[in-house]
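Worksheet: the structure to be examined is printed underneath.
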Amino acid sequence: AHANLALFLHANAQTDLAVAHLRRSIYLLEFCSGPHFPEISSLYFKMGMMCQDVGQITLALLCHRESLRRGEFDRNQAANTLHQMALACGLAGGYREALAYEKKVYSLFKEAFGEEDPRVLEASKYMAKFTEKAVEGAKGRREVDAAAAADAIANELLGELEFKTGGEEDASGVVAPAAASAATKKKGKKSKSGGKKH
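Mapping to this note's numbering: the sequence shown position 116 is 109, numbers consecutive.
Given below as structure tokens:
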């Protein structure tokens, strides 16, 4: 009853209440049938899908991992769970992790159904997609690092330039602004002291 109510609540955009009911359902099943009852793993998978639908990627991955740990899966069900984990990582920008999960999906489907099976071909497409995104992400990080390094060098050069121009006179005999300001203040003090003597 709790599990069915959870599905109804999630369909009506009340996922927080739906998850609470799924947890109650899991608790009751564990109490009655033990922690490795097959339905428990299915409920964790459903909870993960609900969390994934509302953008709670970390919780979704935790639920999917628990689903894999609890269940006595066949290859097909394990592959489906791993595929959802790959999609969850992709939503969070973790394309390298997504690719690792999808490789497992590809391997499971290939061993079970052969290379020409539509599920194997679909997994291959997802692998290519995640690989492309991972390469783009790595390239973007390199560009950001290069820009940061350029900024650091520019700031260092500016600091050296300010230090050099802080002297009283440069090599060409031109008085630096800081030195000129100091000289003006000294002249002002001298003229004031001369006025007092007269």
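Ideal Cβ placement from N, Cα and C applies to all residues, glycine included. Given the structure is predicted, the values throughout are model-derived calculations rather than measurements.
In terms of residue numbering, what span does the alpha helix (DSSP H) encompassing residue i cover?
{"i": "residue 31", "result": "31 to 46"}
{"i": "residue 83", "result": "68 to 84"}
{"i": "residue 109", "result": "Run containing residue 109: none; DSSP gives neither H nor E here."}
{"i": "residue 11", "result": "8 to 26"}
{"i": "residue 53", "result": "50 to 63"}
Taking residue i as the reference, give the member of the options with the closest Cα.
{"i": "residue 5", "options": "46, 28, 36 and 25", "result": "46"}
{"i": "residue 52", "options": "27, 81 and 61", "result": "81"}
{"i": "residue 122", "options": "95, 54 and 103", "result": "95"}
{"i": "residue 11", "options": "22, 124, 44 and -1", "result": "-1"}
{"i": "residue 17", "options": "7, 33 and 29", "result": "33"}
{"i": "residue 125", "options": "91, 24 and 107", "result": "91"}
{"i": "residue 59", "options": "83, 28 and 109", "result": "28"}
{"i": "residue 8", "options": "48, 24, 26 and 25", "result": "48"}
Should residue i and residue j be called a contact, given that it needs their Cβ atoms to be closer than 8 Å?
{"i": "residue -6", "j": "residue 15", "result": "no"}
{"i": "residue 88", "j": "residue 41", "result": "no"}
{"i": "residue 68", "j": "residue 105", "result": "yes"}
{"i": "residue 127", "j": "residue 99", "result": "no"}
{"i": "residue 72", "j": "residue 61", "result": "no"}
{"i": "residue 50", "j": "residue 36", "result": "no"}
{"i": "residue 119", "j": "residue 79", "result": "yes"}
{"i": "residue 102", "j": "residue 74", "result": "no"}
{"i": "residue 22", "j": "residue 30", "result": "yes"}
Answer with yes or no whether the minimum CB distance from residue i to chain D is below 8 Å.
{"i": "residue 79", "result": "Protein chains in the displayed structure number just one, and chain D is not present."}
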